[in-house]
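Student: Residue numbers (the UniProt record's numbering): 1 to 192.
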Amino acid sequence: MQTWVLPVLLGLGLASATGLRTFLPLLMLAVAARFGLFGVTLNEHLAWIGSLPAIAALSVAAVVEFAGDKIPAVDYALTVVGAFTRPIAGAIAAASVFAGLDPTTAAIAGIIVGAPTAFAFNAVQGGTRLTSTATTGGLGNPVLSVIEDVLSFGMVLIAFLAPLIVPVVLIVFAVLLFRLANRLRERPARAG
Numbered sequence: 001m002q003t004w005v006l007p008v009l010l011g012l013g014l015a016s017a018t019g020l021r022t023f024l025p026l027l028m029l030a031v032a033a034r035f036g037l038f039g040v041t042l043n044e045h046l047a048w049i050g051s052l053p054a055i056a057a058l059s060v061a062a063v064v065e066f067a068g069d070k071i072p073a074v075d076y077a078l079t080v081v082g083a084f085t086r087p088i089a090g091a092i093a094a095a096s097v098f099a100g101l102d103p104t105t106a107a108i109a110g111i112i113v114g115a116p117t118a119f120a121f122n123a124v125q126g127g128t129r130l131t132s133t134a135t136t137g138g139l140g141n142p143v144l145s146v147i148e149d150v151l152s153f154g155m156v157l158i159a160f161l162a163p164l165i166v167p168v169v170l171i172v173f174a175v176l177l178f179r180l181a182n183r184l185r186e187r188p189a190r191a192g
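1. Given this structure, state the Cα-to-Cα distance separating Leu161 from Leu37, to the nearest angstrom.
2. The alpha helix (DSSP H) with Val51 in it runs from where to where?
3. Might you give, ordered along the chain, the residues of its own chain that have their beta carbon closer than 8 Å to the beta carbon of Met1, omitting 5 neighbours on each side?
4. Exposed or buried, which one is Ala10 when buried takes at least 16 other CB atoms within 10 Å?
5. Tell me, please, whether the CB atom of Thr3 is closer than 8 Å to any CB atom in chain C?
6. Who are the near neighbours of Trp48 in its chain, counting only those whose CB is closer than 8 Å to its CB and skipping five residues on each side?
7. May I have a chain-ordered list of the beta strand (DSSP E) segments no shorter than 3 residues that lie completely inside the region 82-149?
8. Nearest by alpha-carbon distance to Ser16: which of Leu58, Leu144, Met155, Ala134 is it?
9. Distance, Cα to Cα, Ala93 vs Leu29?
10. Just to confirm before moving on: does the CB-CB distance between Leu180 and Thr136 stay below 8 Å?
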């Protein structure tokens, strides 16, 4: 049982972070695995994530995603594409931390843990972005993007350093994002 608890919690943390940023959490996971940080051990069949070519590719992708998400219209396209890519990234990240399991079991666990978690956080992000675009004409989106960058980075660190509190942090993040979306929706009603 204990062999499942920490990978599930770490997978949840990584997947929620991929729901906000596709490549940053994967990059952080790759670097942690490559350099033996935070005790991260990858499933042997997904160990390629910690390879230097993967780290280089993830670095480029993370920078492009980071910069592109600050540009109006590009940020919307990234959110739309993210509805497909982020659940996949969440499943890969979650599956990779099930070290010691056979590849099929790790993949199934990654899909069960990672895909829906990443999809849920991406859906909340998309709703918040749409509301921000409607209420600020997109001018508030770069600010939201920075907040999402910080949340994604922070969630990965929490998953690495204190995986036992991941469920509590996820609930707090979900409530905060929900409240932020509601505030953005209420603005036009107050202004009118």
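C-beta: ideal position from N, C-alpha, C; glycine also.
Here the structure is a predicted model, which means the values were calculated and not measured.
Tutor: If we stick to the structure as given:
1. Working through the sequence shown from its first residue, we reach residue 161 at position 161. Working through the sequence shown from its first residue, we reach residue 37 at position 37. When rounded, the distance between both Cα atoms is 10 Å.
2. Within the sequence shown, the letter at position 51 stands for residue 51. Looking at the sequence itself, residue 51 is Ser, so the reference to Val does not match. In the DSSP assignment, Ser51 falls outside any alpha helix (DSSP H) and carries neither an H nor an E.
3. As a working note, residue 1 is residue 1 in the sequence shown. Its pLDDT being 44, under 50, Met1 is placed unreliably by the model, and the measurement read from it follows with that caveat. No residues qualify anywhere along the chain.
4. Here the question's residue 10 lines up with position 10 in the sequence shown. The amino acid occupying residue 10 in the given sequence is Leu; Ala does not appear at that position. Classification of Leu10: buried, given that the 10 Å Cβ count is 16 or more.
5. No chain C appears in this structure, which consists of one protein chain only.
6. Here residue 48 corresponds to residue number 48 of the sequence shown, with the count starting at 1. Beyond the five residues adjoining it in sequence on each side, Trp48 comes within less than 8 Å, by CB distance, of Ala54 in the same chain, given in chain order.
7. Taking 3 residues as the minimum length, the region 82-149 contains no beta strand (DSSP E) run wholly inside it.
8. Taking the first residue of the sequence shown as 1, we reach residue 16 at position 16. Relative to Ser16, the option among Leu58, Leu144, Met155, Ala134 whose CA is nearest is Met155.
9. Along the sequence shown, read from residue 1 onward, the residue named residue 93 stands at position 93. Along the sequence shown, read from residue 1 onward, the residue named residue 29 stands at position 29. Their backbone Cα atoms lie some 8 Å apart in a straight line.
10. Here the question's residue 180 lines up with position 180 in the sequence shown. Here the question's residue 136 lines up with position 136 in the sequence shown. At the C-beta level, Leu180 and Thr136 stay beyond 8 Å of one another.
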